[in-house]
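J.: To start, I am sharing the structure in question, which I have written as structure tokens.
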Amino acid sequence: MSMAETPPELPYPKLPLWQAIGLAYSTFFNRFEDVLRASWLWLIAVAALTGYASWQRWSLAMAVIGQVQPELFPSMTQLQQTTALLQLGAALAILAAVSIAVAWHRLMILDEQPGLSGSNITSGDLWHFVVIGFLLCVILIGPALIVILGGFYLTVPATFGPNTGGPVAFFQLLLPAAAFYVIGLAVTLRLSLLLPARAIGNEDLSFGQAWHRTSGNTWRLFWGLIVTTLPPLLLTDLVVIALLDLAYPTLTATRIAAASTASTVCSLLLLPISIGFLSYAYRHFFEHPLQQTA
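The sequence shown begins at 413 in the numbering used here and counts up one residue at a time.
The structure is reproduced here in structure tokens:
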């Protein structure tokens, strides 16, 4: 791993978008055994917990929809237990995603073979990755959220008082909130290479260095993540829906839970594709630039 101590002189070679995308996909398929090594235990645990929690939720929902006698409604204890299970399942899925992402970054950049699935959750690099991920989430949604919540707080008394035009004032907040979100997204993309840096133990890369090095590459990073995330997820979702249509012709709690669980598991299994794109982008900007292809 090598990196200049000061921001590089601009312009820096632009990221070869399609080459990085192609490498992300080809590496995923060529090293699928490593994908499974990093994720198999997480996939089993997440499938079991989220599957059961989702089945509980939709079973209760179906019971509420199908029953008219109040005494047959699910109890508050059942609802609380199901909510707790869903929250636990979401937390487990997030931890799984972080563990898989860190393992894949280290494989792509350091050529470090993944250990036992989940064995890296106690490493400092993983939790540094979590901190950066949290900060990027704050940058992404924080300003827009402040606009919406602050504006809502200021406009609600006037919006719903007498002689007012309804919630029009609140909806007027959506445009500036969207603008702040777009700005936050652009900043987050420019700083996203801090994630692979922290995953491999590079604590020296600063926010300023990441910002300067990725100058002029915002759209490339955006489209790279879109192309390595959405197509495989959409394809697998279509396959899952088609298979479930054959297995469960009618809409049941089991079918809905199976679809939700399969979608979550597929998302984790396919995560290394987009993570690989970020890894190759990091290598391009901070190690050896990818060669432009004709």
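Glycine is no exception: its CB is placed at the ideal position from the N, C-alpha and C atoms. From a predicted model like this one, the values you see are computed outputs, not experimental measurements.
(1) Let me know the secondary structure DSSP gives Y694 once reduced to three states.
(2) Between L637 and L681, is the Cβ-Cβ spacing less than 9 Å?
(3) Taking 8 Å as the cut-off, does the CB of T489 come closer than this to any heavy atom belonging to the ligand MN?
(4) Below 9 Å between beta carbons: does that hold for A654 and S466?
(5) Suppose you measure from the CA of L597 to the CA of G545; what does that come to, to the nearest Å?
(6) Give the C-beta separation of L538 and D446 to the nearest angstrom, bearing in mind that I take them to be a contact with Cβ-Cβ under 8 Å.
(7) Assuming L690 contacts S604 under a Cβ cut-off of 8 Å, what Cβ separation, rounded to an integer in Å, is found between them?
(8) Which full runs of the beta strand (DSSP E) of 3+ residues lie inside the segment 646 to 675, going along the chain?
(9) So what does DSSP say about D537, is it helix, strand or coil?
(10) Mind the definition here: the segment 515 to 531 touches the segment 432 to 449 only if three or more C-beta pairs lie below 8 Å; say whether that holds.
(11) With distances taken Cα to Cα, identify the nearest neighbour of T648 among T630, V639 and A674.
(12) What's the gap between the Cα of P425 and the Cα of A590?
(13) Where A509 and W635 are concerned, what is the direct C-alpha to C-alpha distance, given to the nearest angstrom?
(14) Within 10 angstroms of its Cβ, does N532 collect 16 or more other Cβ (buried), or is it exposed?
(15) In terms of residue numbering, what span does the alpha helix (DSSP H) encompassing R518 cover?
(16) Tell me where the alpha helix (DSSP H) around N442 begins and ends.
T.: Per the coordinate set shown:
(1) helix
(2) no
(3) Summarising the ligand content, the structure contains no ligands, and the ligand MN is consequently not present.
(4) no
(5) 13 Å
(6) The pair is not a contact, with the Cβ atoms about 17 Å apart (cut-off 8 Å).
(7) 6 Å
(8) none
(9) helix
(10) yes
(11) A674
(12) 31 Å
(13) 21 Å
(14) buried
(15) M488 to L522
(16) L429 to N442
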